[in-house]
Amino acid sequence: MTTGFAIGLNGMAARHPAAPRTAPPALRPLSLRIAPGEQVAVIGPSGAGKTTLLHALACALRPAAGHLRLDDTDPWTLSTRRLQALRGELFLAPQVPPLPPRQRVITAVLAARLPRQSLAASLRSLVYPDDIGAAHAALARFDLGEKLWERVDRISGGERQRVGLARALLAPARLWLVDEPLSALDPTRAAGAITTLTAAARERGATLVATLHQVDVALARFARVIGLREGELAFDLPAAQVSRDMLTRLYSQHEHELAEWAPPASTAPDEGPRPAAMHCR
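Here the working numbering is used: position 202 in the sequence shown is 273, and no number is missing along the way.
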């Protein structure tokens with residue numbers, strides 16, 4: 072069992088990954104602490120700065136102001152080599168996993184181990200996967216064991232999202248940063264996926280920070296919930312203390328993101344309809 076990273080933000084501001092350097096920060100100066108192994112949900116309306124926060128925690132964005140500390144170390148004071156090594160202990164799962172379409176699922180999952188593999192081993196694994204059992208076990212926890220040898224472009228969007236989550240189980244990471252992991256899943260799959268994700272992080276001792284558009288899931292499955300609005304901290308509370316009034320203020324002028332939601336017509340047939348739930352993007 073590993074020990075998750077402790078996270079410290081001291082007046083940290085950050086710009087969206089696609090924003091020009093002259094743009095104002097999408098994340099305003101923010102200060103908070105997350106303990107090693109803690110599991111935190113981040114909610115808020117569109118444009119709140121949730122994805123920017125995850126990219127900053129993943130050391131993919133240099134803070135525009137303030138400081139980020141991981142285990143009392145400022146990553147941006149490290150040498151390039153040490154920063155790259157640190158990034159190998161961070162796992163970022165975007166909402167749409169960047170999986171090559173012609174790649175087999177087993178290869179996509181085992182790619183999570185690349186930060187600790189030599190170039191020769193990683194190239195060899197492309198042709199001869201080096202740990203079929205581990206890949207199957209990780210996929211099976213997300214009900215995807217039978218998809219082991221499928222090509223990525225032959226599975227549904229919801230299945231691809233679960234493949235992206237299964238990679239966390241094989242990644243040599245102490246901090247899991249997961250962006251809207253349930254957006255393509257039906258109620259049953261979503262419940263199973265979030266249960267597996269939180270249980271696996273707890274088993275590993277990894278720190279977990281997840282953005283969620285399903286507010287009800289955030290309140291039910293996470294002990295601590297952070298609300299962001301327009302790049303600023305709206306609240307940081309135990310889930311039991313988050314009231315309906317707080318949520319109404321958080322989603323003011325974005326009421327449609329908090330209301331019950333019907334799935335779009337393009338939902339993948341095998342994933343079924345999405346849940347009617349309070350949610351944010």
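From the three backbone atoms N, C-alpha and C, an ideal C-beta is built for every residue, glycine too.
Is residue i helix, strand or coil when you go by DSSP?
i: L240; result: helix
i: A333; result: Low per-residue confidence applies at A333: pLDDT is 35, beneath 50, and the placement is therefore not dependable, though the value from the model is reported in the following sentence. Three-state DSSP puts A333 in coil, outside helix and strand.
i: L185; result: helix
i: P284; result: In the sequence as displayed, the identity of residue 284 is His instead of Pro. The answer is coil: DSSP assigns H284 none of H, G, I, E or B.
i: T145; result: The question names Thr, but residue 145 is Asp in the sequence shown. It is coil, neither helix nor strand.
i: H138; result: strand
i: I226; result: coil
i: R292; result: helix
i: A89; result: coil
i: G216; result: helix
Considering only their Cβ atoms, is the gap separating residue j from residue i smaller than 9 Å?
i: A179; j: L185; result: no
i: V280; j: I265; result: no
i: V286; j: L125; result: no
i: A164; j: P252; result: yes
i: P116; j: E328; result: yes
i: L98; j: H138; result: no
i: C130; j: R86; result: no
Along the chain, where does the beta strand (DSSP E) containing residue i start, and where does it finish?
i: M83; result: 78-85
i: A164; result: 161-164
i: L309; result: The sequence as given places Pro at residue 309; Leu does not occur at that position. Taken as a continuous stretch (DSSP letters only), the beta strand (DSSP E) holding P309 covers 303-309.
i: S102; result: 98-105
Where does the unbroken alpha helix (DSSP H) through residue i begin, and where does it stop?
i: A208; result: 203-211
i: D316; result: 315-321
i: Q155; result: 151-158
i: A112; result: Run containing A112: none in the alpha helix (DSSP H); it sits in the beta strand (DSSP E), 110-114.
i: L132; result: Careful: L132 lies outside any alpha helix (DSSP H) and carries neither H nor E.
Could you tell me how far apart the beta carbons of residue i and residue j are, in whole angstroms, since I believe they sit closer than 8 Å?
i: R212; j: A271; result: 7 Å
i: R245; j: T73; result: 5 Å
Original post:
Which ranges does the alpha helix (DSSP H) cover as unbroken runs of at least 4 residues, wholly within the stretch 233-279, from first to last along the chain?
Top reply: 258-275
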